[in-house]
Amino acid sequence: KKVTIRSPVQIKNHFSIPISVFEGDTLLGIASPENEFNIPLASYRSSLSLVPEDQDYQLCEGIDFEEIIKYDGQLLKKKCRSTNPSKKSFVINIVPEKDNLASLSVYSEDGWDLPYVLHLWPPILIRNLLPYKVAYYIEGIENTVVTLSEGHSSQIYNVEMDQAKLHLKLLDYLNHDWKSEFYIRSSQQDINFINFTCLTEMEKSDLDIAIHMTYNTGQTVVAFHSPYWMVNKTNRMLQYKADGIHRKHPPNYTKPVLFSFQPNHFFNNNKVQLMVTDSELSDQFSIDTVGSHGAIRCKGLKMEYQVGVTINLSSFNITRIVTFIPFYMIKNKSKYHISVAEEGSDKWLSLDLEQSIPFWPENASNILLIQVERSEDPPKRIYFNKQDNCILLRLNNELGGIIAEVNLAEHSTVITFSDYHDGAATFLLINHTKSDPVQYNQSSLGEIEDSLPPGKAVYYTWADPVGSRKLKWSCGQSYGEVTHKDDMMTPISVGKKTIYLVSFFEGLQRIILFTEDPRVFKVTYESEKAELAELEVVLALQDVGISLVNNYTKQEVAYIGITSSDVVWEAKPKKKARWKPMSVKHTEKLEKEFREYTEASPLEDKVVELDNIPVRLTPSGNDMKILQPHVIPVRRNYLPALKVEYNTSAHQSSFRIQIYRIQIQNQIHGAIFPFVFYPIKPPRSVTMDSAPKPFTDVSIVMRSAGHSQISRIKYFKVLIQEMDLSLDLGFVYALADLVTKAEVTEKTEVEHFHKDVEAFEQEYEVVSSVDQSQVNLFEYFHISPIKLHLSVSLSSGRDEAKDSEQHGGLIPVHSLNLLLKSIGATLTDVQDVVFKLAFFELNYQFHTTSELQSEVIRHYSKQAIKQMYVLILGLDVLGNPFGLIREFSEGVEAFFYEPYQGAIQGPEEFVEGMALGLKALVGGAVGGLAGAASKITSAMAKGVAAMTMDEDYQQKRREAMNKQPAGLREGITRGGKGLVSGFVSGITGIVTKPIKGAQKEGAAGFFKGVGKGLVGAVTRPTGGIIDMASSTFQGIKRATETSEVESLRPPRFFNEDGVIRPYRLRDGSGNQMLQVMENGRFAKYKYFTHVMINKTDMFMITRRGVLFVTKGTFGQLTCEWQYTFDEFTKEPFIVHGRRLRIEAKERVKSVFHAKEFGKIVNFKTPEDARWILTKLEEAREPSPRL
1 KKVTIRSPVQ IKNHFSIPIS VFEGDTLLGI ASPENEFNIP LASYRSSLSL VPEDQDYQLC
61 EGIDFEEIIK YDGQLLKKKC RSTNPSKKSF VINIVPEKDN LASLSVYSED GWDLPYVLHL
121 WPPILIRNLL PYKVAYYIEG IENTVVTLSE GHSSQIYNVE MDQAKLHLKL LDYLNHDWKS
181 EFYIRSSQQD INFINFTCLT EMEKSDLDIA IHMTYNTGQT VVAFHSPYWM VNKTNRMLQY
241 KADGIHRKHP PNYTKPVLFS FQPNHFFNNN KVQLMVTDSE LSDQFSIDTV GSHGAIRCKG
301 LKMEYQVGVT INLSSFNITR IVTFIPFYMI KNKSKYHISV AEEGSDKWLS LDLEQSIPFW
361 PENASNILLI QVERSEDPPK RIYFNKQDNC ILLRLNNELG GIIAEVNLAE HSTVITFSDY
421 HDGAATFLLI NHTKSDPVQY NQSSLGEIED SLPPGKAVYY TWADPVGSRK LKWSCGQSYG
481 EVTHKDDMMT PISVGKKTIY LVSFFEGLQR IILFTEDPRV FKVTYESEKA ELAELEVVLA
541 LQDVGISLVN NYTKQEVAYI GITSSDVVWE AKPKKKARWK PMSVKHTEKL EKEFREYTEA
601 SPLEDKVVEL DNIPVRLTPS GNDMKILQPH VIPVRRNYLP ALKVEYNTSA HQSSFRIQIY
661 RIQIQNQIHG AIFPFVFYPI KPPRSVTMDS APKPFTDVSI VMRSAGHSQI SRIKYFKVLI
721 QEMDLSLDLG FVYALADLVT KAEVTEKTEV EHFHKDVEAF EQEYEVVSSV DQSQVNLFEY
781 FHISPIKLHL SVSLSSGRDE AKDSEQHGGL IPVHSLNLLL KSIGATLTDV QDVVFKLAFF
841 ELNYQFHTTS ELQSEVIRHY SKQAIKQMYV LILGLDVLGN PFGLIREFSE GVEAFFYEPY
901 QGAIQGPEEF VEGMALGLKA LVGGAVGGLA GAASKITSAM AKGVAAMTMD EDYQQKRREA
961 MNKQPAGLRE GITRGGKGLV SGFVSGITGI VTKPIKGAQK EGAAGFFKGV GKGLVGAVTR
1021 PTGGIIDMAS STFQGIKRAT ETSEVESLRP PRFFNEDGVI RPYRLRDGSG NQMLQVMENG
1081 RFAKYKYFTH VMINKTDMFM ITRRGVLFVT KGTFGQLTCE WQYTFDEFTK EPFIVHGRRL
1141 RIEAKERVKS VFHAKEFGKI VNFKTPEDAR WILTKLEEAR EPSPRL
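In the numbering used here, the protein residues as written are 1 to 1186.
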């Protein structure tokens, strides 16, 4: 570790030039750029002066420690006058900030000087975020012209704000220079526009460039950017048209065209239209939906142009990079020259080695003709609009074959030609018979293609790739068909003898074997058939909890619990089978019977009826059985939180991973959503007849494919149940605080910018380096749909004002807001928006693991992004937000089903080949309707609550609304409560607000408070009425749903020393009660310990004194009486063994009662009394002083 001992003042210089620090006339040292400079201990209270190193400036006026403390977090302007009268002075902006050390001593007394950092900022920073160079000079300093290259920035320190006028020149854009000017003022909008003009011999044209202004305390950042960069990779003339704007993009101009909508419409939801070469205008489309891709069609005279559009965000967030590519691309990676044409057209395009060309189909045949050099055959035909991973094209003998691949995406289709590799042929036919030739042909062709003599083998690929994908064979009198997907093992009789036909995979190659030798058949069969496990490893964890703690702020941010199920009853249908959970309905019935039975502490067995089936219960719980129609053992058990099973045998291995339930809770006090993440229970009508399902279930069966290294994934299924994610900003901020943020330097910014630029300078996307990892065969791969309920709240609960200042609005949130603002959308609170992401499935496809992984991530993230734009921001996206556009035929279907209807097979069941049908019951039509109504009324009440300017009311309302009512009755009572509390707090507002105001801000606060109180009286009750409707509606909805989420544990309690100790439930719950008691009246007290006296009363010790607390019938806590330790007149003592006597200064309770000198508390046991007495002594020990 490195320990720095320094004085309380440190200087951080953000200028690009060194600055000297003086005390009077003595030089203390030089603060170099972006480094920290510590003031010597002897000098930090003197007056300090600054001056830029070795330039002809005088010292600026001094700054002393008092001034630093006074201006904490504010701006101090200092000027160094120039010795040369014609030069302007050098401006230094100083911002002192308290240094946030890991921990200040708990016991720091007053009179210590807190540490400060002085930030020295140049007043103005200019950033060039355009992909072109910009030159500028400042009016009044004409002789220095600065040229800023792409992505760079420069500091201006000899002009003040509001006096700076820039003269700008944009260099070499569309082969011309453009001019403009800009005043830097102190109160401009976030985004402004300036107009650049260009005078050519022909005409005067203009261009809008956007300026993003950021006003930080010490520095104003002026960033020149263009809202959109249009990149044209189509090799054709493109024209973009929007309201009043028309831009041409020549085919040979590779740099981006800077595009912007008209400045006065900029904040609307804008659309653009496209023209290709000679086409008409396309339909309007949005270019704001970052991360979403699609295709645009433009009708031409002879043909329809299809252009792919990708929209990406630049590294600096305020520019969208829109790239136009031809929808069809053809790449040649083979070793031959190839020419292609569309069927029905006579235009042949030739491809050299390693060349990529755009392809613009003219008619609707969808078939591509392929001719390879030196090949005598007629051209080969393939479909170019169907996904196909590997079509081997048959060439004549000396050429062999080449592989064609067709890859579809939403915004492009890439057709690639490559050389033959092992396993590319569709079949390897082996005739291992003694004397029988085998004849074969593609089933869509009439005549026999060829005959395979005995003892020979041949590679086969389709004669006509557009024909059927079945191979017909005949041998003697027998005949049949084989396909590429199906394993086969069938005996065929030919005359007197039996020939075996075996179809299997060896590595990547599908082999069709005809053999008479039963031993060969047996060997191939052995390696294919299902096997019993030889080794089985099972790991089960009952409960796992992870606590995320920020030890600087001493708070637990989140608690992640992976928890087990409630009691389940399991049955074991067959002798060797596994225990299987019974349905929810049966479990509930048996559990009820068993509870009643055991409460009577029985001695003999009892037989109970379960749907007319007798079940025998035993006192010990062992050896319980279903008696008829078959004897089946049953047992009481629970499903563990996490269970991993691994089985292995000679040719196969299998995994099963189950996570029963994950719940993430927000442990920050006053959180808007206490539960961040939890699985949603499906409606009871659906679950009653099925066994309880884990939240995540993964089942995998793998086989080795013959003698090769390649794995065959026979079965891979992931089932994820419906879930809920609720985020509020406070939680997001707290998580961000847990992660240390990387400093962004100018160097990294420039590097990122250059990456943006490189991205569009590449000719066409060439697939990155070849993936060398192992290819696997996935026979069946399925990941269930994902159904996610999302709620987002933009308020952070608790003290919001404090929060937003502290984080400067957290950079990503800020840039997100800016981005949304620029597309005319605003982010608002979102309640229960449902994302439905279609499932992902593959059948018989070869992939490397990394390829598959990126494919899966892309599948879900694309849909999620599109649905986010449609559902949350209400924007239009290219393509269909639900599901993908892939067709049915290519092994990837995109559909959605309710996750709880998904059936998953354990490895054994799969191996046994049991297919589970599941009743797809959909319940809760009423629930759906009520939900919609509830959302609408909620939104109304939210508006009214915002009208009540007081934060406490809004906070309480949010908390109350987020406690969802538990059922119809409570919904209606809570609705009623809402109405009453609305009126009550409306009327009390007038009385109580002014006092609060006066406490906070003195006399002015008092009057402000009165104003607030009156507004409160006007608006609060209406809020109550609207809430009542909403609450009641939610009650109806809840009655049709199942039980609620419960907290796993109260937030962790920290002692004053901030040390993290093992979690104690007593401390956690006690501190939580202290926080919420009487609406937070005691929240500032420091909790010490508490003890329950009986079911409703407890005795609580804080650092200041003691409280006697009772719990009301509705669970509300009230403090009956309290004494501070200063009021004690003598040490507490115990009388009669279990009574604690506290004597304290007298208090007159009321006119009629006698004076009171303390209290007596009765505990359950003498141990409780003695324990609390020692705790009282500990709490009163004075804390050690430094």
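All C-beta atoms in this analysis are idealised placements derived from N, C-alpha and C, irrespective of residue type, glycine included. Predicted model, so just to flag it, every value in this text is computed and none were measured.
The beta strand (DSSP E) with residue i in it runs from where to where?
i, result
"H225", "T220 to H225"
"A341", "I338 to E342"
"F1133", "F1133 to V1135"
Could you check if residue i is buried or exposed, using at least 16 other CB atoms within 10 Å of its CB as the buried criterion?
i, result
"R969", "Confidence at R969 is low in this model, with a pLDDT of 47, below 50, so the placement of that residue should be treated as unreliable; the coordinate-derived value is given next. Burial call: exposed."
"Q628", "exposed"
"R1038", "Legend: pLDDT at R1038 = 37, less than 50; position of this residue unreliable, value from coordinates given subsequently. R1038 should be labelled buried."
"I720", "buried"
"M868", "buried"
"A577", "exposed"
"N128", "buried"
"L452", "buried"
"E758", "exposed"
"H249", "buried"
Pull up the DSSP beta-bridge partners for residue i, would you.
i, result
"M329", "P358 and V414"
"N232", "F324"
"D388", "V406"
"L642", "L541 and I659"
"F716", "I700 and F781"
"T147", "A135"
"E23", "T26 and L48"
"D450", "Y440"
"M237", "DSSP lists no partner for M237."
"V466", "Its beta-bridge partners do not exist; DSSP assigns none."
"L617", "K606"
"E181", "H167"
"D206", "T197"
With residue i as the anchor, note down where its alpha helix (DSSP H) starts and where it stops.
i, result
"F65", "F65 to K70"
"V1211", "Within the shown structure, residues of the chain are numbered from 1 to 1186, placing residue 1211 beyond reach of any answer."
"D113", "It is not in any alpha helix (DSSP H) - D113 carries neither H nor E in the DSSP assignment."
"L590", "V584 to E599"
"D737", "L729 to L738"
Going by Cα to Cα distance, which pick from the options is closest to residue i?
i, options, result
"R1103", "F753, M868, G1115 and Y1123", "Y1123"
"A210", "L199, T200, A223 and M202", "A223"
"Q1075", "A1144, N389, Q667 and S315", "Q667"
"Q55", "P1166, F90, S7 and H669", "F90"
"A838", "E304, N431 and K787", "K787"
"V438", "S226, I512 and V744", "I512"
"V1091", "K1084, M1073 and G1080", "M1073"
Classify residue i as helix, strand or coil using the three-state DSSP reduction.
i, result
"Q853", "helix"
"Q58", "coil"
"W569", "strand"
"K866", "helix"
"W1171", "helix"
"E1078", "helix"
"F140", "Correcting the residue type first, residue 140 is Gly in the shown sequence and not Phe. Residue state, collapsed to three classes: coil."
"Q709", "coil"
"R1061", "coil"
Tell me whether residue i counts as near the ligand SAM, meaning its Cβ is closer than 7 Å to at least one heavy atom of that ligand.
i, result
"R394", "Within the structure as shown, the ligand SAM is missing, as the structure has no ligands at all."
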